[in-house]
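**Student:** Take a look at this one; I'll ask things after.
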Amino acid sequence: MGNLADFIEQYLRRMLEAQSIVELQRRELAKMFRCAPSQINYVLETRFTLERGYLIESKRGGGGFIRITQVKWESDDNLPATIEQLIPEQVGAAEVEHLLYRLADHQLIGAAEAQLAQSLIERNFSDLPPEIAGSLRSRFLKMLLMVLGSKFQK
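Note that full-length UniProt numbering gives residue 44 to position 44 of the sequence shown, counting from 1, and the numbers run on in steps of one.
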């Protein structure tokens with residue numbers, strides 16, 4: 001039997017199967033699962049990340065909400081613009097690895113291309129201060145996705 005985080009994740013994934021954008025209240029979800037709102041935060045932060053194909057928008061407070069958007073990775077003309085907006089200004093090495101894996105998994109890039117990009121990032125950015133490396137990783141990913149976008153528009 002799974003743990004509470006697994007049940008919350010399964011519930012949210014079922015909702016996302018029906019529609020690609022789900023909006024709900026953290027407090028109500030916590031009541032439904034009889035847990036603290038921090039447990040909901042944990043599930044969102046670890047299982048519904050950008051590199052796993054989700055965008056989370058959150059507003060805290062009495063009328064606050066959580067909006068989960070499932071990012072479609074198909075050959076969509078709007079994909080590069082969408083991803084360009086979604087990639088934060090600072091990106092960690094693990095996030096790059098997950099995103100490249102996801103792109104390869106959805107056959108938007110080949111496995112060899114993903115490995116090459118990962119290798120280039122590791123070798124060129126690993127010795128830099130974290131804030132500079134994070135910014136450069138972000139720019140690199142955005143450029144990569146723009147190239148992918150031109151591939152889709154042909």
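Where a beta carbon is used, it is the ideal one built from N, C-alpha and C, also for glycine.
1) My guess is that I68 and L116 are in contact by the Cβ rule of under 8 Å, so how many angstroms apart are they, rounded?
2) Where in the UniProt domain "CtsR N-terminal HTH" (3-72) do unbroken runs of the beta strand (DSSP E), each at least 3 residues long, occur, reported from the N-terminal end onward?
3) Quick one: what's got a C-beta closer than 7 Å to E97's C-beta in the same chain, skipping five residues either side?
4) Give the list of continuous beta strand (DSSP E) stretches no shorter than 3 residues that lie fully inside the UniProt domain "CtsR C-terminal dimerization" (77-146).
5) Please classify V147: is it buried, with 16 or more other beta-carbons within 10 angstroms of its beta-carbon, or exposed?
6) Could you check the C-alpha separation between A30 and Q39 for me, to the nearest Å?
7) Are M32 and V22 closer than 8 Å when you measure CB to CB?
8) What does a CB cutoff of less than 6 Å around E17 pick up in its chain, not counting 5 residues either side in sequence?
9) Just to confirm my understanding: we take L141, look at its own chain, exclude 5 residues before and 5 after, and list those with CB closer than 7 Å. What are they?
**Tutor:** On the basis of the supplied data:
1) Numbered from 1 along the sequence shown, position 68 holds the residue referred to as residue 68. Numbered from 1 along the sequence shown, position 116 holds the residue referred to as residue 116. Going by Cβ atoms, the distance from I68 to L116 rounds to 32 Å, so no, they are not a contact pair.
2) Entirely contained in the UniProt domain "CtsR N-terminal HTH" (3-72), the beta strand (DSSP E) runs reaching 3 residues are, in chain order, 21-24, 54-59 and 65-70.
3) As a first step, residue 97 is located in the sequence shown; it is residue number 97 there, counting from the start. Excluding positions up to five away in sequence, the list reads Q118.
4) Fully contained in the UniProt domain "CtsR C-terminal dimerization" (77-146) is no beta strand (DSSP E) run of length 3 or more.
5) On the sequence shown, position 147 is the one that residue 147 refers to. Around the beta carbon of V147, a 10 Å sphere encloses fewer than 16 other beta carbons of the protein chains shown; the residue is thus reported as exposed.
6) Locating residue 30 in the sequence shown gives position 30, where the first residue counts as 1. Locating residue 39 in the sequence shown gives position 39, where the first residue counts as 1. Note on geometry: alpha-carbon atoms of A30 and Q39 lie some 8 Å from one another.
7) As a first step, residue 32 is located in the sequence shown; it is residue number 32 there, counting from the start. As a first step, residue 22 is located in the sequence shown; it is residue number 22 there, counting from the start. No, these two residues do not count as a Cβ contact at 8 Å.
8) As a working mapping, residue 17 is identified with position 17 in the sequence shown. Hits under 6 Å: none found.
9) Here residue 141 refers to the residue found at position 141 when the sequence shown is read from its first residue. So the qualifying residues of the chain are I87, V91, V96 and L99.
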